[in-house]
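Following: one structure in structure tokens, then a few remarks.
Residue numbers (this note's numbering): 21 to 326.
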């Protein structure tokens, strides 16, 4: 029986010093054949040349098809969509250019997914100081877990290509939280899923992350993504459950603004959430408490907002 070729899409922006670590982790996969699609997104540090040389050094691997593309529209979402247009296989994995796959990732994903739309796995987060923590992983209630925990990060699932295309691919107007936004649309589409409770990815923090080192650095961009999600759920949230979860996220963002001494930004977001028409007195007070709790450094406030 002929084995399936799995596509892996990797956008690259100014990662000349570390992108080969990611590409090496792809080349180390126990599954073949693979189609590695790298999309350079206006790099100015020679990343495209580094990738081109890496590809040349791996031409001996006949079961590793490699494609280097470019996308001039800024943003990882545009680069991922460019890569998605190149995918001609049944399944696709999106991956970031600073993270690492464990060698059995693709093989375990293919052997697990069956006829499902999506298979997802565990990931380890490595902080700038080397601290290692596990990303939240749950096997139930995908919508709630995505709204609250951003469970469907870019690196932790393989999906049917036609499923991703059907829900519209990546939102190019969301410059931040774009994997969270896509994850929300994935969850709301009620996909058939397989949970693979194995650690298969290492996500490495970077000082020059595209989203910056503070929320205030990208003030307005976060709100833009929240507004996109609110527009997407408009008309399909008769009980207000999704809007409640979205406003929880607004309040958490407001608290981060306050922690970064941008009190006016925080108060504006908080008032918009608390003042939503139809919200009960109790829920207004609870949102206010969640805000204060988070400003003080509290974590896991979503347990109060169920």
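Glycine included, each C-beta is placed from N, C-alpha and C at the ideal position.
- prompt: Quick one: Cα of residue 274 to Cα of residue 280, how far?
  reply: 10 Å
- request: Could you check which residue in 48, 97, 63, 59 has the C-alpha nearest to that of residue 78?
  value: 48
message: Quick check on residue 165: does DSSP put it in helix, strand or coil?
response: helix
message: Among 24, 315, 33, 154, whose alpha-carbon lies nearest the alpha-carbon of residue 173?
response: Its Cα nearest to that of residue 173, the residue 154 stands out among 24, 315, 33, 154.
query: Under a Cβ-count criterion, where at least 16 other Cβ atoms within 10 Å of its own Cβ denotes burial, should residue 159 be classed as buried or exposed?
result: exposed
query: Among 75, 213, 181, 84, which has the Cα closest to the Cα of residue 139?
result: 213
query: Does the distance from the C-beta atom of residue 127 to that of residue 51 stay below 9 Å?
result: yes
- request: Return helix, strand or coil for residue 157, following the three-state DSSP convention.
  value: coil
- prompt: Counting only runs that start and end within the segment 197–231, where is the alpha helix (DSSP H) found for 4 or more residues in a row?
  reply: Qualifying alpha helix (DSSP H) stretches, in chain order: 198–208.
task: Compare the Cα-Cα distances from residue 23 to each of 53, 35, 37 and report the closest residue.
output: When each option's Cα is compared against that of residue 23, the closest is 53.
message: Can you tell me whether residue 55 is helix, strand or coil according to DSSP?
response: strand
task: Just confirm the distance between the C-beta atoms of residue 115 and residue 223, as a whole number of angstroms; I'd bet it's less than 8 Å.
output: Contact doesn't hold; Cβ gap of about 10 Å is too wide.
- prompt: If you compare alpha carbons, which of 46, 152, 97, 102 is closest to residue 75?
  reply: 46
- prompt: What three-state label does DSSP hand residue 110 in the structure shown?
  reply: coil
message: If you follow the beta strand (DSSP E) that residue 143 is in, where does it begin and where does it stop?
response: That run of the beta strand (DSSP E) goes 138–146.
query: Just checking my contact of residue 30 with residue 70 at CB under 8 Å: how many whole Å lie between their CB atoms?
result: Going by Cβ atoms, the distance from residue 30 to residue 70 rounds to 13 Å, so no, they are not a contact pair.
- prompt: By how many angstroms is the C-alpha of residue 84 removed from the C-alpha of residue 99?
  reply: 21 Å
message: Excluding the 5 residues flanking residue 36 on each side, which residues of the same chain have their C-beta closer than 6 Å to its C-beta?
response: 65, 66, 67, 70
Nearest neighbour of residue 225, chosen from 111, 152, 56 [CA to CA]: 152
task: Could you say which of 136, 88, 216 lies nearest to residue 183 if we only look at CA atoms?
output: 136
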